[in-house]
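Numbering (my numbering), first residue to last: 38 to 147.
What follows is a single structure, written as structure tokens, with notes after it.
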Amino acid sequence: MIFKKKEEKNKNKKISLHTYDVIKKPVITEKGTLLSSNSQIVFNVAIDANKKHIKNAVEKLFDVNVKKINIIVSKGKTKRFKGKLGKRKDYKKAIISLEKGQKIDITTGI
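Structure below.
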């Protein structure tokens, strides 16, 4: 008998993410503000989203052309709360580079 690994079985599953589920919120930091002058923007995104999902979501929501996407996955830290160990959530950030001359203004609507 030949047994398939669990990884091979789960490989064929497709993840369906909607546009509003992919992008969670913009990351507003000092570094993010500096990047915005270079036509780049930083978003927290869904942990199971890949570059294709993120690119499609940004292009649909903001009507811009995406040049390049860099992804950073940060593991949650272990913290103590009332003497018990706990763990913060893992999160994923995407640094999105836009085509020259395009911008996303995340402060509109505030």
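Every residue, glycine too, gets a C-beta built ideally from N, C-alpha and C.
Other residues of its chain near residue i: CB distance less than 7 angstroms, five sequence neighbours each side excluded
| i | result |
| --- | --- |
| Phe99 | Ile141 |
| Lys104 | Ser134, Leu135, Glu136 |
| Lys88 | Ile106, Ile108 |
| Lys116 | Gly123, Arg125 |
| Lys97 | Thr56 |
Length of the line joining the Cα atoms of residue i and residue j
| i | j | result |
| --- | --- | --- |
| Lys130 | Lys92 | 13 angstroms |
| Lys124 | Val59 | 23 angstroms |
| Thr70 | Ile39 | 54 angstroms |
| Gln139 | Asn102 | 8 angstroms |
| Glu31 | Ile106 | The structure shown does not extend to residue 31, since the chain spans only 38 to 147, so no value can be given for it. |
| Lys119 | Val95 | 41 angstroms |
| Asp127 | Lys61 | 14 angstroms |
| Ile84 | Lys114 | 16 angstroms |
| Thr56 | Pro63 | 15 angstroms |
| Thr144 | Ser74 | 14 angstroms |
| Ser76 | His90 | 20 angstroms |
CB-CB length for residue i against residue j, believed under 8 angstroms
| i | j | result |
| --- | --- | --- |
| Ala86 | Leu54 | 6 angstroms |
Spatial neighbours of residue i in its chain, beta-carbon cut-off 6 angstroms, leaving aside the 5 residues before and after
| i | result |
| --- | --- |
| Lys137 | none |
| Ser25 | Not covered by the structure: residue 25. The range shown for the chain is 38 to 147. |
DSSP bridge partner residues for residue i (one or two, in chain order)
| i | result |
| --- | --- |
| Thr115 | Lys124 |
| Val82 | Ile60, Lys129 |
| Lys105 | Ser134 |
With contact counted as at least three CB pairs below 8 angstroms, one residue from each stretch, are the region 122 to 136 and the region 71 to 86 in contact?
By the C-beta criterion, the region 122 to 136 is judged to be in contact with the region 71 to 86, since at least 3 inter-stretch pairs fall below 8 angstroms.
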